[in-house]
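Step one of this worksheet: look at the structure below.
There are 2 protein chains.
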Amino acid sequence: MAQRVVSSRRASRSEPARPTVALVTGKAALRRALDQARAAGRTVGLVPTMGALHDGHAALIRRAATECDVVAVTVFVNPLQFHRPDDLAAYPRNLDGDVAVAAAAGARLVFAPTGTEMYGAGAQVRVHLAGLADRLEGAARPGHFDGVATVCTKLFGLAGLCRAYFGEKDFQQVAVVRRLVQDLDLPVEIVACPTVRDGDGLALSSRNALLTPHERDAAPALHQALRLGVARVAAGERDPAAIAAAVAAALGTEPRFRLDRVDMVDADTLEAPGGRTTRLRILAAAHLGRVRLIDNLGVEI
Amino acid sequence: MAQRVVSSRRASRSEPARPTVALVTGKAALRRALDQARAAGRTVGLVPTMGALHDGHAALIRRAATECDVVAVTVFVNPLQFHRPDDLAAYPRNLDGDVAVAAAAGARLVFAPTGTEMYGAGAQVRVHLAGLADRLEGAARPGHFDGVATVCTKLFGLAGLCRAYFGEKDFQQVAVVRRLVQDLDLPVEIVACPTVRDGDGLALSSRNALLTPHERDAAPALHQALRLGVARVAAGERDPAAIAAAVAAALGTEPRFRLDRVDMVDADTLEAPGGRTTRLRILAAAHLGRVRLIDNLGVEI
Numbered sequence: 564m565a566q567r568v569v570s571s572r573r574a575s576r577s578e579p580a581r582p583t584v585a586l587v588t589g590k591a592a593l594r595r596a597l598d599q600a601r602a603a604g605r606t607v608g609l610v611p612t613m614g615a616l617h618d619g620h621a622a623l624i625r626r627a628a629t630e631c632d633v634v635a636v637t638v639f640v641n642p643l644q645f646h647r648p649d650d651l652a653a654y655p656r657n658l659d660g661d662v663a664v665a666a667a668a669g670a671r672l673v674f675a676p677t678g679t680e681m682y683g684a685g686a687q688v689r690v691h692l693a694g695l696a697d698r699l700e701g702a703a704r705p706g707h708f709d710g711v712a713t714v715c716t717k718l719f720g721l722a723g724l725c726r727a728y729f730g731e732k733d734f735q736q737v738a739v740v741r742r743l744v745q746d747l748d749l750p751v752e753i754v755a756c757p758t759v760r761d762g763d764g765l766a767l768s769s770r771n772a773l774l775t776p777h778e779r780d781a782a783p784a785l786h787q788a789l790r791l792g793v794a795r796v797a798a799g800e801r802d803p804a805a806i807a808a809a810v811a812a813a814l815g816t817e818p819r820f821r822l823d824r825v826d827m828v829d830a831d832t833l834e835a836p837g838g839r840t841t842r843l844r845i846l847a848a849a850h851l852g853r854v855r856l857i858d859n860l861g862v863e864i
Numbered sequence: 564m565a566q567r568v569v570s571s572r573r574a575s576r577s578e579p580a581r582p583t584v585a586l587v588t589g590k591a592a593l594r595r596a597l598d599q600a601r602a603a604g605r606t607v608g609l610v611p612t613m614g615a616l617h618d619g620h621a622a623l624i625r626r627a628a629t630e631c632d633v634v635a636v637t638v639f640v641n642p643l644q645f646h647r648p649d650d651l652a653a654y655p656r657n658l659d660g661d662v663a664v665a666a667a668a669g670a671r672l673v674f675a676p677t678g679t680e681m682y683g684a685g686a687q688v689r690v691h692l693a694g695l696a697d698r699l700e701g702a703a704r705p706g707h708f709d710g711v712a713t714v715c716t717k718l719f720g721l722a723g724l725c726r727a728y729f730g731e732k733d734f735q736q737v738a739v740v741r742r743l744v745q746d747l748d749l750p751v752e753i754v755a756c757p758t759v760r761d762g763d764g765l766a767l768s769s770r771n772a773l774l775t776p777h778e779r780d781a782a783p784a785l786h787q788a789l790r791l792g793v794a795r796v797a798a799g800e801r802d803p804a805a806i807a808a809a810v811a812a813a814l815g816t817e818p819r820f821r822l823d824r825v826d827m828v829d830a831d832t833l834e835a836p837g838g839r840t841t842r843l844r845i846l847a848a849a850h851l852g853r854v855r856l857i858d859n860l861g862v863e864i
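Heads up: the sequence lines are chains A and B, in that order. Residue numbering for the first sequence follows this note's numbering, starting at 564 and increasing by one per position. Residue numbering for the second sequence follows this note's numbering, starting at 564 and increasing by one per position.
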């Protein structure tokens with residue numbers, strides 16, 4: 564199992580010691596490191612990512628580092644969760660940069676396996692969540708959440724007892740992973756962290772790197788449209804179709820966007836709001852050039 | 564969480580202390596007990612069962628007790644793995660007897676949850692093994708191995724790092740569970756144990772209790788037919804169809820049996836034997852009255 568230790572910045576005699584992070588590529592090495600940490604009485608935080616780490620990931624890692632003794636960041640562009648081969652091929656990759664971000668944010672370990680190491684030959688298993696995985700983003704991207712659930716079950720199996728940190732930008736993913744852990748009795752506590760945004764409101768996403776400057780200028784319109792939806796709810800509108808239409812109309816004023824879907828759901832069940840709903844979530848997906856962006860906002864009623 | 568301690572036999576002053584076993588019904592209690600055992604440096608053995616324990620189960624427990632410090636037996640008639648509601652309803656149940664068998668064989672813990680405790684409300688997850696779960700018994704009992712894989716993933720999630728013991732009477736189940744552990748990176752070592760048979764050759768099974776005395780007399784014919792198949796292989800026959808026909812003809816001499824299926828496969832892949840096959844397995848399923856019996860035998864070539 565390859566393992567190398569990387570300093571987040573070059574150290575010199577005049578500087579204090581810099582945080583270091585171990586890069587491991589083997590599953591057995593990850594399991595061993597985290598088993599040893601727990602055996603020494605340390606708690607483990609896990610931050611599963613697909614790499615191309617940005618400030619949103621850094622916030623997850625910093626949060627994990629304040630709550631856990633040892634933080635492991637996993638970097639794996641999981642082919643199972645990609646519906647479109649071109650999307651998988653285009654997904655940004657930058658392992659050296661990821662290691663630097665992870666180290667600076669307080670991680671002790673980066674696990675970056677190859678696809679062969681992760682799945683081996685002839686892997687047959689799929690973890691499916693009937694219902695939750697088939698709606699909203701799951702309907703738009705068939706098999707996506709099965710891929711998420713399968714890789715997360717594997718990562719949790721390797722990591723063992725831990726807290727695992729996920730960003731609310733992928734709101735349905737958080738719900739899927741929570742459900743997964745509950746339904747499979749995995750010894751993992753899921754921690755959801757708020758979406759991190761650029762100054763103009765655009766939710767940080769690895770896919771933002773694929774936007775042209777022209778598209779990047781238009782990108783905050785998605786967040787602005789969701790904010791308008793939240794304002795309508797705050798003003799008393801409760802009809803999901805009316806809110807969806809308002810968000811769609813707002814995004815329609817930015818011609819570079821092509822709306823894929825917008826839904827307002829109960830934030831706890833991700834189903835249509837009902838009499839017991841106290842928290843709503845408005846979720847949208849839209850194409851901007853060749854990039855598909857998602858975002859969401861919550862509102863209490 | 565209910566927990567009671569049961570002595571395997573009534574103790575008196577003149578007898579030495581009898582083995583005792585703790586009966587737990589809550590998932591949290593099981594997890595806590597096994598976490599505590601490992602924290603104290605003890606190894607854990609898990610024997611998942613559907614109860615109605617017989618000498619085959621006792622052999623698994625005894626083997627686990629020789630290889631592990633603490634043995635937990637799970638007793639749960641898993642509705643997910645039953646294709647037919649009448650089969651589920653008829654499945655024998657005897658928790659008091661199970662606790663006594665487990666204690667006498669060396670278990671320290673019996674975990675016997677209710678269905679509600681095990682699955683909770685609205686559980687959505689299914690673990691599916693494409694290929695392996697759909698063939699042979701999986702073709703005869705749609706969804707059966709998804710149910711097995713799902714409940715085993717949950718039991719392994721609760722038990723944590725352990726060795727888990729399964730009987731080869733359910734040969735394809737062993738293959739499914741091995742594949743599950745490998746594909747999901749679960750920290751579990753699967754140990755397969757030989758089928759235990761009555762003196763007349765009948766493989767021990769909880770379902771044998773459902774046979775009438777008249778049917779029980781006929782039941783060894785299944786094992787005898789499989790032995791004839793093995794003898795044909797030993798005599799040089801390699802054609803799976805010819806072996807299957809020979810086994811079917813042999814079982815046909817016992818009119819109380821109705822053959823469901825017989826297959827000869829590569830014992831490692833459970834696929835059709837090929838040029839690299841070194842171990843064959845002949846597997847059969849047959850109805851005897853209202854009971855469906857399965858059995859299998861191996862032969863090296």
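Just so it is clear, CB atoms sit at the ideal spot from N, CA and C, and this is done for glycine as well. Note that this is a predicted model, so its numbers are computed, not measured.
Let me make sure I understand the geometry here. Which of the options has the alpha-carbon closest to that of residue i?
i	options	result
B/P750	B/R742, B/C756, B/P757	B/R742
B/V587	B/T637, B/R853, B/G701, B/P757	B/T637
B/G614	B/H646, B/D659, B/R594	B/D659
B/V854	B/R779, B/L789, B/A693	B/R779
B/V607	B/L718, B/A663, B/G710	B/L718
A/E700	A/R770, A/V673, A/P676, A/V825	A/V825
A/L851	A/G815, A/T832, A/G838, A/G861	A/G815
A/T775	A/R819, A/A788, A/G678	A/R819
A/T840	A/V862, A/L846, A/L856, A/I857	A/V862
A/D733	A/V711, A/P836, A/A772, A/V744	A/V711
B/A652	B/R770, B/P836, B/A781, B/A813	B/R770
A/G837	A/N859, A/A811, A/P803, A/A849	A/P803
A/I857	A/V744, A/V754, A/R726, A/R704	A/R704
B/G762	B/H786, B/G694, B/F645, B/A847	B/H786
B/L860	B/A807, B/E817, B/C715	B/A807
B/G720	B/L747, B/R698, B/A600	B/L747
B/I753	B/Y728, B/L846, B/L616, B/R595	B/Y728
A/E834	A/G694, A/C631, A/A684	A/G694
B/V591	B/D618, B/P676, B/A622, B/G792	Note on residue identity: the sequence assigns Ala, not Val, to residue 591 of chain B. The shortest C-alpha separation from B/A591 is found at B/P676.
B/L767	B/L789, B/E731, B/R689	B/E731
A/P648	A/E817, A/H707, A/M827	A/H707
A/D709	A/C725, A/R698, A/R689, A/G764	A/R689
Counting only Cβ pairs nearer than 7 Å, list the residues of chain A close to residue i.
i	result
B/Q735	Simply none; closest approach about 13 Å.
B/Q687	L692, A693, G694, L695, R742, D746
B/K590	D748
B/T716	L747
In chain A, which residues lie with their C-beta within 9 Å of the C-beta of residue i?
i	result
B/P750	R594, D598, G720, L721, G723
Return the bridge partner residues of residue i from the DSSP annotation.
i	result
B/I753	B/A727
B/G861	B/R844
B/R855	B/H850
A/R741	The partner list for A/R741 (beta bridge, DSSP) is empty, contrary to what the question assumes.
B/R760	B/A766
Where does residue i fall in DSSP's three states?
i	result
B/H691	strand
B/A574	Confidence is the limiting factor: at B/A574 the pLDDT is only 42, short of 50, which leaves the residue's position unreliable, though a coordinate-based value still follows. Looking at B/A574 - three-state DSSP - the assignment turns out to be coil, as it is neither helix nor strand.
B/P611	strand
A/H850	strand
A/V634	strand
A/V584	strand
A/V673	strand
A/R704	coil
B/R595	helix
B/K590	helix
A/A798	coil
A/A665	helix
B/R770	helix
B/R656	coil
B/R601	helix
A/T716	helix
B/L791	helix
Are there any heavy atoms of the ligand MN lying less than 6 Å away from the beta-carbon of residue i, as far as the coordinates show?
i	result
B/V633	Summarising the ligand content, the structure contains no ligands, and the ligand MN is consequently not present.
Completely contained alpha helix (DSSP H) runs for the segment 801-834 of chain A, where each covers 4 or more residues: 803-815
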